[in-house]
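Asker: Chains as they are written, first to last, in the working numbering: chain A, 4 to 663; chain B, 212 to 581. Even for Gly, the Cβ is constructed at its ideal location relative to N, Cα and C. Treat the numbers as computed from the prediction; the structure is a model and nothing was measured.
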Amino acid sequence: MPQILAHASFPEKADRTLSTPVQEIATIAIRKLYKHYGTTSALRGIDLEVQQGELFGLIGPDGAGKTTAFNILGGVMEATAGNALILGLPARDARNYIGYLTQQFSLYPDLSVEENINYSAGLRLVPEDQIEARRTKYLTLMQLDRFRDRLAGRLSGGMRQKLALCCALISEPRVLLLDEPTTGVDTIARREFWDILASLTAQDITIVVATPDLDEAERCDRVALMYDGQIQQIGTPAQLKADLGLQRLVIRTSALFKTEQALLTLVQTGELADVSTLGDRIEVLTPDAQLGKKQVRDRLAQADLDCDRIQPEVATLENVFTTLLRRQGSVPQSLPFPRSPPESAITPASTIAIAARDLNRHFGNFHAVVDLNLDIHYGEVYGLLGANGAGKTTTIKMLCGLLPISSGTMAIAGETGDLRSPALRQRMGYMSQKFTLYDDLTILENLQFYSGVYGIPPRQQREKIRWVLAICGLEGQEHLLTRQLPGGWKQRVAFGASVMHEPEILFLDEPTSGVDVLARQQFWQLINDFARNGTAILVTTHYMNEAEQCNRMCFMVAGRKVAEGSASEIKAAQPGQLFELRVAQLQASYDRLRQHWEPWRVSIFGDRLHIVLDHSNQELPQVESLLQSANLPLLDTQSLPFSLEDAFIGEVQRAGGAPP
Amino acid sequence: MIIRRIRNQFFKELEQFQRDRLGLALAFILPVIALLIIGLAIRLEAKNLSLVVRDLDQTSLSRSYIERLYATNLFVPAQWQGERFPDALDRDQAQVQVTIPPGFSADVDAGKTGNVQVVIDGSDVINARVIKLAIDGTTLSVLQERLGKPSETLGVVAQVRLWFNPGRQESLFIVPGSYGVILAIFPPLLIAIALVREKEQGTILQLYASSLSAFELLVGKSLAYIAVGLGEALILFIVGWLFFGVGFVGDPSPLFVGTPVFMLAGVQLGLIIGIFTTTQSAAVQAIGTIKVLTAFLLAGFLFPLSSVPFPFSIFSYFVPVRYYIELCRDVFVRGSGWFGTWHLIVAMLVLGIAEFGLAWWGMRRMQLSS
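#1: Using only alpha-carbon positions, find the residue among A/L596, A/R47 and A/V502 that is nearest to A/Y230.
#2: Would you call A/V211 buried or exposed, if buried means 16 or more other Cβ atoms sit within 10 Å of its Cβ?
#3: Any chance the segment 432 to 443 of chain A sits against the segment 502 to 512 of chain A, with 3 or more Cβ pairs inside 8 angstroms?
#4: Give a yes or no on whether the minimum CB-CB distance between B/V503 and chain A is below 8 angstroms.
#5: Would the segment 425 to 438 of chain B count as touching the segment 271 to 282 of chain B if we require 3 or more Cβ pairs under 8 angstroms?
#6: Going by other Cβ atoms of all chains shown within 10 Å of its Cβ, with 16 needed for buried, is A/P624 buried or exposed?
#7: Could you name the residues of chain B that A/M229 contacts, counting a contact when the two beta carbons are closer than 7 angstroms?
#8: From which residue to which residue does the alpha helix (DSSP H) around A/L589 run?
#9: Express the C-alpha separation of A/G404 and A/R423 in angstroms, rounding to a whole number.
#10: Checking contacts by CB at 8 angstroms: is A/I208 closer than that to chain B?
#11: Who are A/I357's beta bridge partners in DSSP?
#12: Comparing alpha-carbon positions, which option in A/Y457, A/T397 and A/L88 lies nearest A/R425?
#13: Determine, using beta carbons only, whether A/G653 and A/V615 come nearer to each other than 8 angstroms.
#14: DSSP three-state call for B/S492: helix, strand or coil?
#15: Flag A/L172 as yes if its beta-carbon sits less than 8 angstroms from any beta-carbon of chain B, otherwise no.
#16: In its own chain, which residues sit with a C-beta less than 7 angstroms from the C-beta of A/L375, not counting the 5 before and 5 after it?
#17: Rounding to the nearest angstrom, what Cα-Cα distance links A/L21 and B/F567 in this structure?
#18: Any beta carbon from chain B within less than 8 angstroms of A/E286's own beta carbon?
#19: Is A/N74 close to chain C? Criterion is C-beta to C-beta, closer than 8 angstroms.
#20: Hey, how far is the Cα of B/V460 from the Cα of B/I556?
#21: Evaluate contact between the segment 574 to 594 of chain A and the segment 630 to 642 of chain A, counting only Cβ atoms and requiring at least three cross-stretch pairs below 8 angstroms.
#22: Report the residue ranges of all alpha helix (DSSP H) runs contained in full by the segment 251 to 338 of chain A; include only those spanning at least 4 residues, in chain order.
#23: Quickly, what does DSSP pair A/S725 with across the bridge? List them, please.
#24: Return the CA-CA distance between A/P240 and A/L450, expressed in angstroms with no decimal places.
#25: Kindly say whether A/S347, judged by its beta-carbon, lies nearer than 8 angstroms to any beta-carbon of chain B.
#26: How about B/F426: is its Cβ closer than 7 angstroms to a heavy atom in the ligand SAM?
#27: Measure the C-alpha to C-alpha separation of B/L482 and A/T70 and round it to an integer number of angstroms.
#28: Per DSSP, what kind of secondary structure is B/V532 in: helix, strand or coil?
#29: Is there a C-beta anywhere in chain A that falls below 8 angstroms from the one on B/L423?
#30: Can you find the residues in the same chain that come closer than 8 angstroms, C-beta to C-beta, to A/P345, ignoring five residues on each side of it along the sequence?
#31: Indicate whether A/V317 and A/L266 have their beta-carbon atoms separated by less than 8 angstroms.
#32: Taking the alpha helix (DSSP H) that A/C403 falls in, what are its first and last residues?
#33: Mind checking B/P242: buried by the 16 CB within 10 Å criterion, or exposed?
#34: Could you please give the first and the last residue of the uninterrupted beta strand (DSSP E) stretch that includes A/D50?
#35: Taking the Cβ atom as the reference point for each residue, do A/L144 and A/I199 lie within a distance shorter than 8 angstroms?
#36: Taking Cβ-Cβ distances below 9 angstroms as the criterion, which residues of the segment 176 to 207 of chain A are in contact with chain B?
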């Protein structure tokens with residue numbers, strides 16, 4: 004779309020504060036940027052340059068200073084020291100060339116799609132004769148054209164973010180600042196959103212994007228890891244992974260817990276960098292794959308443990324990130340949960356905690372859940388995955404008795420009759436993404452309140468509250484008002500509050516939405532700890548790398564279960580193959596392939612293309628000839644194992660796609 | 212450029228406003244209900260005061276005295292069933308009790324001082340004063356009649372005429388004043404909510420991130436809510452006319468000029484509060500407290516401004532409602548036209564511009580505060 008550049012207004016010469024010509028300045032240049040709020044410093048000397056047309060990722064835990072950096076770049080906040088230049092202008096003077104998507108959805112929910120766009124256009128003085136053309140263009144690009152009259156508040160998470168992007172693009176900015184644009188957006192919509200971002204950078208729009216999801220960060224041209232107000236590392240995802248100097252070994256075994264315990268001794272001696280359990284497998288980081296493999300085998304033989312397979316794989320950005328943070332010493336420790344004496348615990352009669360047969364739920368004409376069958380065992384972490392509106396939350400609400408079922412039967416903890424009885428509820432725990440702590444109470448008061456709600460004996464109360472504070476790293480700060488906590492921390496306290504009564508069955512509805520990687524990992528340690536102690540856990544999530552942590556899972560599409568099994572089983576059951584293509588002209592090749600295959604099969608990952616082919620023998624030569632005929636060189640083709648996200652998108656598309 | 216952005220802001224506010232049911236109710240339904248309640252419920256003139264009389268004299272003079280008391284139309288007879296006579300006041304069965312002692316008539320006729328005991332419930336100061344005046348007057352006229360001293364001999368005769376409201380119709384006093392009170396509360400409430408909601412929903416960041424100036428933002432928003440307030444005023448005037456029979460007297464044009472000016476001043480206060488608060492509930496409370504207190508107490512709605520004691524009387528000059536209530540009373544009751552009202556409009560305009568200046572100063576940076 005060359006017209007974007009034709010219409011984009013460039014800074015006038017008189018506006019420039021620097022005499023250097025524009026082409027020699029990086030699109031975004033940040034020098035020694037500091038920001039203090041009172042005595043706390045959010046940014047501590049940041050230096051950064053982003054070039055025109057780059058897709059630049061900013062990743063870091065909550066409170067690393069990402070949003071502050073965005074606010075300064077977006078010109079809505081003053082820096083304490085240093086400067087941030089965009090297109091050679093101070094950020095505040097460059098606002099007309101910037102589109103800024105704030106972390107909080109910043110459109111008017113009570114205005115329609117079209118009214119929101121018109122308002123943004125007026126705000127940014129888009130020439131009136133061009134508004135209609137641009138609006139149609141971007142609404143078509145985002146596939147929102149059908150929803151012009153819908154109120155923004157009634158759009159799904161993914162559509163809202165696309166609308167926000169539309170509103171930012173209507174003034175044809177040269178720089179886009181996106182602060183966690185995909186939080187609360189489901190997998191399918193997220194992949195689509197990133198495809199759109201990739202196509203925008205092809206039009207020389209410079210994009211800086213923050214994301215808590217490291218799978219997404221893999222799609223950036225360059226990434227900066229932020230921690231504690233500083234940029235710790237910067238480079239392309241490939242460079243960062245290479246600089247890590249560690250290899251990943253995936254170990255498959257049936258005795259997960261024992262294996263992990265045995266290998267942890269190697270971490271203490273420094274032979275292995277890290278060991279962690281991930282759903283149905285164990286992952287090990289080691290400086291050298293061959294040596295590491297041998298060390299693992301020796302150690303397991305010594306401990307009299309079997310393993311089916313040890314497979315070396317490349318490290319992920321998540322490995323880079325957590326290793327960095329571990330070196331910073333900022334990973335909170337895990338502590339055992341203070342359990343009540345065993346005699347009070349009820350020994351379940353059966354191993355099945357949740358059983359559902361032919362579960363149905365209608366809302367008027369809308370069939371939210373269709374003939375769902377589930378068997379979830381004690382000690383199991385079971386993931387319920389699906390796009391927004393697939394019926395996950397409805398299912399979870401029916402299972403915990405918050406919503407009556409339309410038809411079907413279910414047994415919770417062996418109970419089939421009164422699922423709302425206080426005795427049964429005492430044995431269940433439920434935490435939703437909106438689990439509410441009272442903002443105007445202190446952390447301690449909140450915990451005391453919930454321990455009262457769950458009827459915890461006063462003697463154990465103090466001990467359990469101490470435990471929650473310890474796992475959250477909030478000891479000594481329990482008198483802070485809850486509203487002063489960042490989102491991720493609040494979520495941890497909420498989790499602690501919802502498990503204080505040692506439930507046998509735990510329902511977690513998107514517990515980690517908007518929580519950073521580090522907190523998420525720690526969250527999962529807690530979840531796994533509960534599962535090991537026999538709790539049955541049902542969890543819904545948007546994040547596929549998080550779903551990998553589940554022992555078993557199912558995919559839901561439009562209220563139906565379309566696939567079930569462990570992550571490995573589901574990936575193995577995928578028809579077709581995934582290929583990574585290295586091409587000379589990314590965008591043109593992408594467009595070309597998308598014309599021929601269904602759009603979901605082709606996506607841009609950083610500087611590569613990913614394509615899913617069902618019959619690779621015939622289709623791969625077809626890819627080559629298609630590209631060749633358009634004079635687009637194909638440099639390299641490599642087969643890749645499916646990620647869970649690929650599997651999910653494939654299943655959803657084959658089942659008829661996600662609802663809009 | 213500026214005009215376009217103001218227009219853009221103006222239409223967006225109105226679009227949002229017409230979708231917000233709570234806002235619509237606050238703008239058009241609640242004010243009408245408030246007008247009806249204030250117009251029907253507030254009665255300043257004393258009526259139906261309960262009176263207990265013990266006539267121990269039982270003569271024609273005592274009976275005619277009692278008749279005269281009731282003829283004032285001020286009192287209604289109250290039942291008294293106590294043992295001791297003061298019970299009636301103690302038990303709140305009556306507000307005043309009159310005892311006519313035996314020999315009252317004889318004393319009067321003999322030219323001696325006749326005693327009548329009147330006990331008034333002083334816990335209601337205003338009514339106590341009214342009762343005292345009524346009983347004093349009645350007593351005097353009864354005596355004059357009995358002793359045959361014609362009033363002409365008193366030398367001065369006051370010929371009293373009530374102007375503007377000869378029938379002392381109360382709605383003519385209450386209704387125009389309540390226009391001022393109601394219009395002083397609701398439009399500022401709406402604009403403060405509209406501004407704070409932008410902060411709560413984070414949409415204000417999009418404004419900061421564009422090069423929209425504080426002037427454009429504030430003018431656009433103000434104009435939208437001035438328009439809403441004018442609609443509200445129109446509805447109130449119509450309801451007041453149909454329901455209470457309060458119509459224009461003389462030239463209504465000062466009202467047509469004065470109402471927008473008053474809206475300008477009122478809406479600015481809403482903006483100022485919106486700028487310096489961060490949650491809707493805080494904004495609503497602030498507006499509620501400030502507006503209700505000033506409109507009821509410092510604007511001459513019920514109590515004459517001349518009776519407001521010194522330090523507070525200074526504040527009342529900075530309350531735009533006081534000028535608007537005066538303007539309404541002029542247009543709907545007095546009808547003196549521009550001659551008696553122009554200074555009110557000028558005063559409101561000055562206050563409105565000053566408040567706008569303060570709002571602009573509070574908003575001028577269009578940035579997040581650290």
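Answerer: In short, the structure shows the following:
#1: As a working note, residue 230 of chain A is residue 227 in the first sequence. Minimum Cα-Cα distance from A/Y230 among the listed residues A/L596, A/R47 and A/V502 corresponds to A/R47.
#2: Against the first sequence, residue 211 of chain A aligns to sequence position 208. Counting every other CB atom within 10 Å of its CB across the protein chains shown gives A/V211 a total of 16 or more, marking it as buried.
#3: Judged by Cβ distances under 8 angstroms, the segment 432 to 443 of chain A makes contact with the segment 502 to 512 of chain A, as three or more pairs qualify.
#4: For this step, residue 503 of chain B is matched to residue 292 along the second sequence. So, not an interface residue.
#5: In short, these stretches do not touch, since the Cβ pair count stays below three.
#6: For the purposes of this step, residue 624 of chain A is taken as the residue at position 621 of the first sequence. Its Cβ having fewer than 16 others within 10 Å, A/P624 is exposed.
#7: Here residue 229 of chain A corresponds to residue number 226 of the first sequence, with the count starting at 1. Simply none; closest approach about 20 angstroms.
#8: In the first sequence, the residue the question calls residue 589 of chain A occupies position 586. Taken as a continuous stretch (DSSP letters only), the alpha helix (DSSP H) holding A/L589 covers L589 to H599.
#9: To locate residue 423 of chain A, count along the first sequence from 1; it is residue 420. To locate residue 404 of chain A, count along the first sequence from 1; it is residue 401. CA-CA distance, A/R423 to A/G404, rounds to 6 angstroms.
#10: Stepping through the first sequence from its first residue, residue 208 of chain A is reached at position 205. With its beta carbon at least 8 angstroms from every one in chain B, A/I208 lies outside the interface.
#11: As a position in the first sequence, residue 357 of chain A is number 354, starting the count at 1. For A/I357, DSSP records a beta bridge to A/I379 and A/I415.
#12: Along the first sequence, read from residue 1 onward, the residue named residue 425 of chain A stands at position 422. According to the sequence shown, residue 425 of chain A is Pro rather than Arg. Closest in alpha carbon position to A/P425, among A/Y457, A/T397 and A/L88, is A/Y457.
#13: Start at 1 with the first residue of the first sequence, and residue 653 of chain A comes out as number 650. Start at 1 with the first residue of the first sequence, and residue 615 of chain A comes out as number 612. Yes.
#14: The residue labelled residue 492 of chain B in the question sits at position 281 within the second sequence. Three-state DSSP puts B/S492 in a helix.
#15: Residue 172 of chain A sits at position 169 when you count from the first residue of the first sequence. Among the CB atoms of chain B, none fall inside 8 angstroms of the CB of A/L172.
#16: Position 372 of the first sequence, counting from 1, holds the residue named residue 375 of chain A. Here the set comprises A359, L362, T398 and K564.
#17: For the purposes of this step, residue 21 of chain A is taken as the residue at position 18 of the first sequence. For the purposes of this step, residue 567 of chain B is taken as the residue at position 356 of the second sequence. At A/L21, the pLDDT of 41 sits below 50, so the modelled position is not reliable and the matter cannot be decided from this model.
#18: For the purposes of this step, residue 286 of chain A is identified with residue 283 of the first sequence, where counting begins at 1. Taking Cβ atoms only, chain B never reaches closer than 8 angstroms to A/E286, which makes this a no.
#19: Reference to chain C is not applicable here, since the protein chains of this structure are A and B.
#20: Position 249 of the second sequence holds residue 460 of chain B. Position 345 of the second sequence holds residue 556 of chain B. When the Cα atoms are used, B/V460 and B/I556 turn out to be separated by approximately 18 angstroms.
#21: Enough Cβ pairs lie closer than 8 angstroms, so yes.
#22: Counting only runs of 4+ residues, the alpha helix (DSSP H) found wholly inside the segment 251 to 338 of chain A occupies 259 to 271, 292 to 305 and 320 to 331, in chain order.
#23: In the structure displayed, chain A extends from 4 to 663; residue 725 of chain A sits before or after that span and is not available.
#24: Along the first sequence, one-based indexing puts residue 240 of chain A at 237. Along the first sequence, one-based indexing puts residue 450 of chain A at 447. Rounded to whole angstroms, A/P240 to A/L450 spans 41 angstroms at the Cα level.
#25: Here residue 347 of chain A corresponds to residue number 344 of the first sequence, with the count starting at 1. The predicted model places A/S347 with a pLDDT of 44, which falls under 50 and marks its position as unreliable; any figure quoted below should be read in that light. Interface flag for A/S347 against chain B is unset, since no Cβ pair is found closer than 8 angstroms.
#26: Of the ligands one can find in the structure shown there are none, so the ligand SAM has no counterpart to examine.
#27: The residue labelled residue 482 of chain B in the question sits at position 271 within the second sequence. The residue labelled residue 70 of chain A in the question sits at position 67 within the first sequence. Answer to the nearest angstrom: the Cα atoms are 28 angstroms apart.
#28: Sequence index remark: in the second sequence, residue 532 of chain B carries index 321 (1-based). Residue state for B/V532 is assigned as helix, using DSSP reduced to three classes.
#29: For the purposes of this step, residue 423 of chain B is identified with residue 212 of the second sequence, where counting begins at 1. Output row for B/L423: interface = yes.
#30: By 1-based counting over the first sequence, the position of residue 345 of chain A is 342. Annotation note: pLDDT 49 at A/P345 (below 50); position unreliable, coordinate value reported separately. Take A/P345, set aside five residues on each side of it, and no residue of its chain has a beta-carbon closer than 8 angstroms to its own.
#31: As a first step, residue 317 of chain A is located in the first sequence; it is residue number 314 there, counting from the start. As a first step, residue 266 of chain A is located in the first sequence; it is residue number 263 there, counting from the start. Remark: C-beta atoms of A/V317 and A/L266 do not approach each other more closely than 8 angstroms.
#32: Within the first sequence, numbered from 1, the residue matching residue 403 of chain A stands at position 400. If you look at A/C403, you'll find it isn't in any alpha helix (DSSP H); DSSP assigns it neither H nor E.
#33: As a first step, residue 242 of chain B must be located in the second sequence, where it is residue number 31. Its Cβ being crowded by 16 or more others within 10 Å, B/P242 is buried.
#34: One-based indexing of the first sequence puts residue 50 of chain A at position 47. Residues T43 to V53.
#35: Sequence index remark: in the first sequence, residue 144 of chain A carries index 141 (1-based). Sequence index remark: in the first sequence, residue 199 of chain A carries index 196 (1-based). Annotated as proximal: A/L144 and A/I199, with beta-carbon spacing under 8 angstroms.
#36: Within the segment 176 to 207 of chain A, the residues whose Cβ lies closer than 9 angstroms to some Cβ of chain B are L180, listed in chain order.
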